[in-house]
Structures are given as structure tokens and as C-alpha cells.
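Trainee: Reminder that position 19 of the sequence shown reads as 650 in the working numbering, one-by-one numbering, no gaps. Glycine residues also receive a C-beta, built at the ideal position from the N, C-alpha and C atoms.
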Amino acid sequence: MIEKPIRKSRADGEQSRERLLLAAMKLFAEQGFARTSTREIALAAGANVAAISYYFGDKAGLYKAALTDFLPPPQKNIEMFDQPHFTLRQALEGYYAQLLGPLMESEEAELCMRLWLREVLEPRGVWAEELNTGIRSEHMAFAGVLARHLGVPVDDEVHRLVHACASLGVHIMIGADVIAALTPQLLASPDALREWIPKLAGYAEAIVLAEREKRQKGAA
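1) Restricting to Cα atoms, I'd like to know which of 679, 691, 684 is closest to residue 664.
2) Looking at the secondary structure, which residues open and close the alpha helix (DSSP H) in which residue 711 lies?
3) Go through its chain and collect everything with a Cβ distance to residue 687's Cβ below 7 Å, but skip five positions before and after it.
4) Would the C-beta of residue 761 count as close to the ligand NAP, meaning under 7 Å from any of its heavy atoms?
5) Within the segment 700–759, note down every full alpha helix (DSSP H) run reaching 4 residues or more, in order along the chain.
6) Please state whether DSSP places residue 798 in a helix, a strand or coil.
7) I want to see whether chain B comes within less than 8 Å of residue 672, judged by CB atoms only; does it?
8) Got a sec? Which residues, its chain only, sit under 6 Å from residue 610 by beta carbon, not counting five neighbours each side?
9) How would you label residue 833, buried or exposed, when you count the other beta carbons within 10 angstroms and need 16 or more for buried?
10) Compute the Euclidean distance between the alpha carbons of residue 835 and residue 750, then round it to the nearest angstrom.
11) Report buried or exposed for residue 667, applying the criterion of at least 16 other Cβ atoms within 10 angstroms of its Cβ.
12) If you draw a straight line from the C-alpha of residue 639 to the C-alpha of residue 817, how long is it?
13) Are there 16 or more other CB atoms within 10 angstroms of the CB of residue 782, so buried, or fewer, so exposed?
14) Roughly how far, in whole angstroms, is the beta-carbon of residue 682 from the beta-carbon of residue 731, given that I think they are within contact range, below 8 Å?
15) Ordered along the chain, which non-local residues of its own chain (more than five positions away) have a Cβ less than 7 Å from that of residue 800?
16) Does the segment 667–679 come into contact with the segment 753–763, if we say contact requires no fewer than three beta-carbon pairs (one atom in each stretch) closer than 8 Å?
17) Mapping DSSP to helix, strand and coil, what is residue 841?
18) Cβ of residue 656 within 8 Å of Cβ of residue 734?
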């Protein structure tokens with residue numbers, strides 16, 4: 632008899648926290664950190680202002696949680712493309728799957744992406760932290776994968792190759808509005824993002840193979 636209300640309370644607490652996160656993501660993305668008040672967030676979430684302190688500590692804690700709570704751990708992303716038995720094509724498909732995967736799973740991911748763009752333009756330190764932890768570790772892992780398939784050490788050209796391959800996926804992530812405006816049919820179907828993954832992998836594979844051919848000719 633005692634366990635039921637406890638479980639309900641925990642579920643209600645999780646729902647309250649999630650409502651605050653979603654309201655914060657939307658308002659921070661639209662207005663920025665400085666122009667968004669905790670009272671405004673609480674009102675949009677249908678929660679008490681005190682709940683922000685309870686779950687997140689303060690406004691800055693809520694802002695950081697809104698940015699990072701929906702991000703998979705870097706190691707989980709890396710495992711999707713860095714496997715010793717993967718072919719180059721499999722590694723590339725895994726790489727783009729982990730880039731686009733969150734956008735396929737929830738509407739919150741798109742909202743989170745908009746908030747990240749706001750953080751890049753109006754940095755409060757969270758972007759620098761993510762850059763030096765998650766993004767750096769994934770970049771280095773991907774560089775290692777490409778170097779392994781090229782049969783070379785990780786050098787500046789491999790890093791340049793990583794940036795070139797990454798840009799293909801990043802454009803889908805942050806340029807969806809452009810794609811929808813210019814070529815809406817490419818994002819119209821429910822599986823549109825999933826259909827992009829093998830396409831991007833094919834384009835990236837061509838870039839990697841061109842680099843391999845260039846190196847082989849240079850060594851001849």
C-alpha cells in the first residue's frame with residue numbers, strides 16, 4: 632500500500648523534470664540564456680519555480696541539462712563506427728547513423744540542436760566543454776578508423792578527411808531548414824533521414840578511396 636504512491640511520486644517527479652527541460656530547451660533556443668527567466672520556464676512547464684532549484688540547482692544547471700541530457704555518451708557513439716571487423720562502408724554508415732540517429736528518434740533532438748546553435752553563437756562554456764570532451768574524442772576515434780582503412784598513421788591529411796566526411800552529416804543536422812526549402816522532397820518521407828545514411832556513406836567512401844588512390848600514386 633505504501634509502494635504505490637512512492638512510485639507515482641517518482642514518476643510525477645520525472646515528468647515534472649522532463650517538462651522543465653523541454654520548456655527550457657524551447658525558450659533558451661528562441662530567446663537565449665540571458666533573456667529567459669526561470670519564472671517563464673516554470674510557467675511554460677506548468678511547474679513551480681522552486682522545482683528548478685530542486686532538479687537542476689539553478690538556471691545555469693537547467694541550461695546545461697537542456698543541452699546535454701539528450702546527448703548519448705561519446706563512447707556509445709564511437710562504438711557505432713569503430714569496430715575492428717567493420718569494413719570501411721560499415722564504419723561510415725555507423726558514423727552517419729550516430730550523427731543522425733538522435734534526430735530520427737525524437738522531436739526533442741531537433742529542439743536540442745537549435746539550442747546548441749544558440750550556444751555556439753552565444754557561448755556560456757557548455758560548447759567548449761563538449762568540444763573538448765565528446766566531440767574531440769569522437770573526432771580522434773574516427774580519424775583512427777579512417778587511418779586504419781587507409782593503412783597510414785593519423786596525420787593532418789587524415790584529420791582533413793575527417794572534417795570533410797563530418798561536414799556531409801553536419802549539413803543535414805544544422806541545414807535541414809535549407810534542404811526543406813530548396814528540395815523538400817528529400818526530407819518529406821518518414822524515413823527520409825534514415826535514407827540519407829547509406830547515401831552519405833557512399834559519398835564519404837568515394838572521398839576516402841580518392842585519398843587512398845592519391846597516397847598510393849604518391850608512393851609509387
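Mentor: Quick answer:
1) Here the question's residue 664 lines up with position 33 in the sequence shown. The shortest CA-to-CA distance from residue 664 to any of 679, 691, 684 is the one to 691.
2) Mapped onto the sequence shown, residue 711 falls at position 80. That residue, residue 711, is in no alpha helix (DSSP H); it is neither H nor E in DSSP.
3) As a position in the sequence shown, residue 687 is number 56, starting the count at 1. Residues 693, 696 of the same chain have their beta carbon placed closer than 7 Å to that of residue 687, with the five preceding and five following residues left out of the count.
4) Questions concerning the ligand NAP fall outside what the structure shown contains, since it holds no ligand whatsoever.
5) Entirely contained in the segment 700–759, the alpha helix (DSSP H) runs reaching 4 residues are, in chain order, 705–710, 719–736, 738–752.
6) As a working note, residue 798 is residue 167 in the sequence shown. In the structure shown, the three-state DSSP call for residue 798 is helix.
7) Any reference to chain B falls outside this structure, which holds one protein chain only.
8) Only positions 632 to 851 of the chain appear in this structure, which leaves residue 610 out of reach.
9) Reading the sequence shown from its first residue, position 202 is the one you call residue 833. Under this definition residue 833 is an exposed residue.
10) Along the sequence shown, read from residue 1 onward, the residue named residue 835 stands at position 204. Along the sequence shown, read from residue 1 onward, the residue named residue 750 stands at position 119. About 28 Å.
11) Here residue 667 refers to the residue found at position 36 of the sequence shown. Looking at its Cβ environment, which holds 16 or more other Cβ atoms inside 10 Å, residue 667 is buried.
12) As a working mapping, residue 639 is identified with position 8 in the sequence shown. As a working mapping, residue 817 is identified with position 186 in the sequence shown. Reliability of the predicted coordinates at residue 639 is poor, the pLDDT of 39 falling under 50, and the value obtained from them is presented with this limitation in mind. Between the alpha carbons of residue 639 and residue 817 lies a distance of about 43 Å.
13) Numbered from its first residue, the sequence shown carries residue 782 at position 151. The residue is exposed, with fewer than 16 neighbouring Cβ atoms inside 10 Å.
14) One-based indexing of the sequence shown puts residue 682 at position 51. One-based indexing of the sequence shown puts residue 731 at position 100. With 8 Å as the limit, residue 682 and residue 731 do not qualify as a contact, their Cβ atoms being about 33 Å apart.
15) As a first step, residue 800 is located in the sequence shown; it is residue number 169 there, counting from the start. Taken in chain order, the residues that qualify are 727, 730, 731, 831.
16) As far as the Cβ criterion goes, the segment 667–679 does not touch the segment 753–763, which means the pair count is below three.
17) Here the question's residue 841 lines up with position 210 in the sequence shown. In the structure shown, residue 841 sits in a helix (DSSP, three-state: H, G or I).
18) Indexing the sequence shown from 1 puts residue 656 at position 25. Indexing the sequence shown from 1 puts residue 734 at position 103. In this structure, residue 656 lies away from residue 734, with their beta-carbon atoms at least 8 Å apart.
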